[in-house]
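Remarks on the structure that follows.
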Amino acid sequence: HFNFPGGETEKKEAMLLPGRENTRAIFGVENDNITQGAEFIIDDMEWKKVNPHNIPQVQNYMRARLNFPVNNFSFFTGDDDTPPNVNFSVTNNTAYSYWDGRFLVEFYDGNSLVAVKDINLEKFRTGEERQVNLTFLENINITRMELNPKINAFTQEAYMEPPS
-2 HFNFPGGETE KKEAMLLPGR ENTRAIFGVE NDNITQGAEF IIDDMEWKKV NPHNIPQVQN
58 YMRARLNFPV NNFSFFTGDD DTPPNVNFSV TNNTAYSYWD GRFLVEFYDG NSLVAVKDIN
118 LEKFRTGEER QVNLTFLENI NITRMELNPK INAFTQEAYM EPPS
């Protein structure tokens, strides 16, 4: 959770996959002081070991299961009638289908992070391409984006059964 002058956010559970860096975001918090002096607090940590007998090459295992290229990225700055919006497509370029294709999307203006959105592509099947359209209330400029999977590739519950 985050502590900031005058309050704190609720505690949430988060996952960090091996060899990865993650942005942590809490959505829907309204407070004028949250961007000044916010402190990220880890309340509890639980480690889970990846068994090298079951998965000898962890990075190869993850690469095969978390391959989601982004295409057709476009940003519209907005006008009097239409707010700023982003359009892009995401392809499930893996051999696996997922119940919840959860992603944290980071938007940048040059090297500055200007927005973060959480998206869920339900029943995201192998080989499928999905269009994503996101609207922003803020007047921002976006030059690039990064898509960060929030899928735990090590749990069977993440995967849909293959078609028979």
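So the sequence shown is numbered by the numbering used here: it starts at -2 and just counts up by one.
For glycine and all other residues, C-beta sits at the position ideal for the given N, C-alpha and C.
Bear in mind that the values here come from a model prediction, so they are computed numbers and not experimental data.
**Report entry** Uninterrupted beta strand (DSSP E) stretches inside the stretch 42 to 107 (no shorter than 3 residues)
**Finding:** 67 to 73, 82 to 88, 95 to 106
Query raised in the report: At which residues does the beta strand (DSSP E) containing residue 126 begin and terminate?
Result: Stepping through the sequence shown from its first residue, residue 126 is reached at position 129. Residues 126 to 132.
Residue 116: first and last residue of the uninterrupted beta strand (DSSP E) it sits in
On the sequence shown, residue 116 is found 119 positions in, with the first residue counted as 1. It spans 109 to 121 - the beta strand (DSSP E) in which residue 116 sits, taken as one unbroken run.
Legend entry - Pair within 7 Å by beta-carbon distance, residue 123 and residue 89: Here residue 123 refers to the residue found at position 126 of the sequence shown. Here residue 89 refers to the residue found at position 92 of the sequence shown. Yes, the Cβ-Cβ distance between residue 123 and residue 89 is below 7 Å.
- prompt: From residue 145 to residue 98, what distance separates their C-alpha atoms?
  reply: Position 148 of the sequence shown holds residue 145. Position 101 of the sequence shown holds residue 98. Whole-angstrom Cα-Cα distance: 11 Å.
Spatial neighbours of residue 130 within its chain, please: C-beta separation below 7 Å, excluding the five flanking residues on both sides. In the sequence shown, counting from the first residue as 1, residue 130 sits at position 133. Within the same chain, residue 130 has close Cβ partners 82, 84.
- Item | Identity of the residue in 39, 157, 138, 117 nearest residue 128 by Cα | Locating residue 128 in the sequence shown gives position 131, counting from the first residue. Closest option to residue 128, Cα to Cα, is 117.
Alpha-carbon spacing of residue 104 relative to residue 140, whole angstroms: Here residue 104 is taken as the residue at index 107 of the sequence shown, counted from 1. Here residue 140 is taken as the residue at index 143 of the sequence shown, counted from 1. Each residue's alpha carbon lies about 8 Å from the other.
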